[in-house]
Amino acid sequence: AGGARDEFHKGIEQIPIDVIERSIQLNLTSHLYLMRAFVPLMHEERDKSITLISSINAIQDWELPAYSAAKAGLLGLVYATTTELGEKGIRINAILPGTVPTPRTQKEPKDFEALLQTSVLGRLTTPEEVAHAVYATTHLLTAMTGQALVVDCGQTVKGVKYSIPKSQSQ
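Positions -11 to 158 (my numbering) are the ones given, in order, by the sequence shown.
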């Protein structure tokens, strides 16, 4: 669960406190609650794995401070629980997708043509590719724990700065 809703697209000086709180609740706190509820139920399972969906916003500036802070918090959650969960035989990892065009995300104040220019591969990540990464961390990469896997068609390595058009960010 999570997302960067329209109201999150404001700079640090413009974003209302209640919007910051909602972003953190949606993109970080909800994951903590779910883990707290489900980890006790995982003790009887074998091949136990938790995969959190973070974002490239956690590791690079995409001008969404509250959303990015929450997504970075998910990485902190992975690192803070790796040992505790590992002692129970539970692996935990995070996937950091790049821009994923979906019917919902295409309604957000994003310039998808400009975002396409940030991709090394000349395309954006698909929902299926994110699902494949989740499957890999849960079923194939069984020695992997405490890690973050970036799935972004090279957006974080190209070095092109993306900026929300000023008319949309204010």
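Glycine included, each C-beta is placed from N, C-alpha and C at the ideal position.
Quick caveat: nothing in here was measured; it's all calculated off a predicted structure.
Between Ala102, Ile78, Asn81, Ile80, which lies nearest to Thr87 when the distance is taken from Cα to Cα?
The residue given as residue 87 occupies position 99 in the sequence shown. The shortest C-alpha separation from Thr87 is found at Ala102.
Near Thr133, what residues of its chain come up, given a Cβ to Cβ distance below 7 Å and the 5 sequence neighbours on each side ignored?
Taking the first residue of the sequence shown as 1, we reach residue 133 at position 145. Correct list, in chain order: Thr70, Gly74, Arg79, Ile80, Asn81.
Distance, Ala136 Cα to Pro85 Cα:
The residue you call residue 85 lines up with position 97 of the sequence shown. The residue you call residue 136 lines up with position 148 of the sequence shown. One C-alpha to the other measures close to 10 Å.
As a quick exercise: from Tyr21, Trp50, Asp6, pick the residue whose alpha carbon is nearest that of Thr106.
Walking along the sequence shown from the start, residue 106 turns up at place 118. Ranking Tyr21, Trp50, Asp6 by Cα distance to Thr106 puts Trp50 first.
Grouping DSSP H, G and I as helix and E and B as strand, with all else coil, what is Ile8?
Residue numbering aside, residue 8 sits at position 20 when the sequence shown is read from its first letter. Correct three-state label for Ile8: helix.
Need the endpoints of the alpha helix (DSSP H) that Ser37 sits in, please.
Counting from 1 along the sequence shown, the entry for residue 37 is found at position 49. Here Ser37 belongs to no alpha helix (DSSP H); instead the beta strand (DSSP E) covers 36 to 41.
Which two residues bound the contiguous alpha helix (DSSP H) that contains Pro53?
Stepping through the sequence shown from its first residue, residue 53 is reached at position 65. Per DSSP, Pro53 belongs to the alpha helix (DSSP H) from 53 to 74.
For Leu62 versus Ser42, is the C-beta distance shorter than 8 Å?
Taking the sequence shown and counting its residues from 1, the one referred to as residue 62 is at position 74. Taking the sequence shown and counting its residues from 1, the one referred to as residue 42 is at position 54. For Leu62 and Ser42, yes; Cβs fall inside 8 Å.
Sequence-distant residues of its chain with Cβ nearer than 8 Å to Thr90 (five each side left out)
By one-based count along the sequence shown, residue 90 stands at place 102. Same-chain partners within the cutoff: Pro115.
Quick one, which of Val108, Ser37, Gly(-1), Arg111 has its alpha-carbon nearest Ala187's?
Because the chain in this structure spans residues -11 to 158, residue 187 falls outside the shown range and cannot be described.
Rounded to whole angstroms, what's the CA-CA distance from Cys141 to Leu52? Just pull it up for me.
To locate residue 141, count along the sequence shown from 1; it is residue 153. To locate residue 52, count along the sequence shown from 1; it is residue 64. CA-CA distance, Cys141 to Leu52, rounds to 20 Å.
Taking all protein chains shown into account, do 16 or more other C-beta atoms lie within 10 angstroms of the C-beta of Ser155, making it buried, or fewer, making it exposed?
Translated into the one-based positions of the sequence shown, residue 155 becomes position 167. Confidence in Ser155 is poor, its pLDDT being 47 and thus under 50, which makes the residue's placement unreliable; the coordinate value appears in the next sentence. Classified as exposed, Ser155 has fewer than 16 neighbouring CB atoms from the shown chains inside 10 Å of its CB.
For Val88, name the three-state secondary structure that DSSP assigns.
To locate residue 88, count along the sequence shown from 1; it is residue 100. Coil, per DSSP.
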